[in-house]
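Protein chains in written order, with full-length UniProt numbering: chain H, 1 to 95; chain F, 1 to 97. Using N, Cα and C, we set each Cβ at its ideal position, and we do this for glycine too. Treat the numbers as computed from the prediction; the structure is a model and nothing was measured. Okay, so here's the structure we're looking at.
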Amino acid sequence: MSVSSVIEQPLDLIRASLDERVLIKMKADRELRGTLHAYDQHLNMVLGNVEETINEIVVNDNTNEQTVKTTKRKIGMLFLRGDGVILVSPPLRTK
Amino acid sequence: MSQSILPLELVDRCIGSQMFVIMKDDKELVGTLRGFDDYINMVLENVTEYVYTDGGRRENKHESILLNGNNISMLVPGSKGPDQHPEVAEPGQRSGI
Numbered sequence: 001m002s003v004s005s006v007i008e009q010p011l012d013l014i015r016a017s018l019d020e021r022v023l024i025k026m027k028a029d030r031e032l033r034g035t036l037h038a039y040d041q042h043l044n045m046v047l048g049n050v051e052e053t054i055n056e057i058v059v060n061d062n063t064n065e066q067t068v069k070t071t072k073r074k075i076g077m078l079f080l081r082g083d084g085v086i087l088v089s090p091p092l093r094t095k
Numbered sequence: 001m002s003q004s005i006l007p008l009e010l011v012d013r014c015i016g017s018q019m020f021v022i023m024k025d026d027k028e029l030v031g032t033l034r035g036f037d038d039y040i041n042m043v044l045e046n047v048t049e050y051v052y053t054d055g056g057r058r059e060n061k062h063e064s065i066l067l068n069g070n071n072i073s074m075l076v077p078g079s080k081g082p083d084q085h086p087e088v089a090e091p092g093q094r095s096g097i
């Protein structure tokens with residue numbers, strides 16, 4: 001099945017990333033890196049080979065110093081609900 | 001290239017099997033998916049609910065629930081839950097104030 005390569009509307013940019021590695025920024029300081037297998041008009045997605053990153057800001061009550069605590073976990077295949085998505089992008093090659 | 005599958009089709013194929021649901025806030029659930037609707041409200045059975053607080057993780061069990069789809073973030077088909085996807089903590093970076 002060949003995929004059209006004309007980009008006419010914003011969702012076409014996501015279509016161009018099908019079967020590619022993508023970076024998804026989500027609400028609540030979460031990121032997903034995975035292979036985009038499917039999407040729909042709500043930005044619901046099916047992602048494979050996923051690494052989830054949670055960046056939690058921890059405030060030291062005594063010093064008021066802020067530290068970023070990063071946790072990651074791997075998930076084989078998942079469905080992502082579109083209303084939590086902030087942006088979709090091809091991941092940086094340096095990562 | 002294989003025929004593409006719509007996201008909601010993936011969920012439909014999982015009816016009857018285990019589903020690991022990750023919510024937008026600090027909560028996760030595992031249960032058997034009995035059904036869902038266009039809003040991804042879900043009927044789950046034999047549910048374990050995991051609540052995350054600063055003090056750790058609490059588990060609650062429910063026989064059958066209707067889960068409001070509004071606060072769902074991700075669905076992981078066929079997973080037994082958070083223990084199947086252990087977290088790896090990375091060294092913190094100071095962004096000091």
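F/N41 versus F/E28, F/D25, F/G81 and F/N70, residue with shortest Cα-Cα distance | F/N70
F/R13: buried (16+ other C-beta within 10 angstroms of its C-beta) or exposed?
-> exposed
Reduced DSSP secondary structure (H/G/I, E/B, other) of H/V6 = coil
Around the C-beta of H/V22, are 16 or more other C-beta atoms found within 10 angstroms, so that it is buried, or is it exposed?
-> buried
Check each candidate in H/M45, H/T71, H/K69 and H/I57 and name the one with the smallest Cα separation from H/I86.
-> H/M45
Starting from F/E9, follow the alpha helix (DSSP H) in both directions and report where the run begins and ends.
-> P7 to R13
Closest Cβ-Cβ distance between F/G96 and chain H: below 7 Å?
-> The predicted model places F/G96 with a pLDDT of 47, which falls under 50 and marks its position as unreliable, so this point remains unresolved.
Does F/S17 get closer than 7 Å to chain H when you measure Cβ to Cβ?
-> no
Which residues in chain H sit within 7 Å of F/K24, going by Cβ to Cβ distance?
-> K27, A28 and G84
By the criterion of Cβ-Cβ separation under 7 Å, what are the contact partners of H/I75 in chain F?
-> V76 and H85
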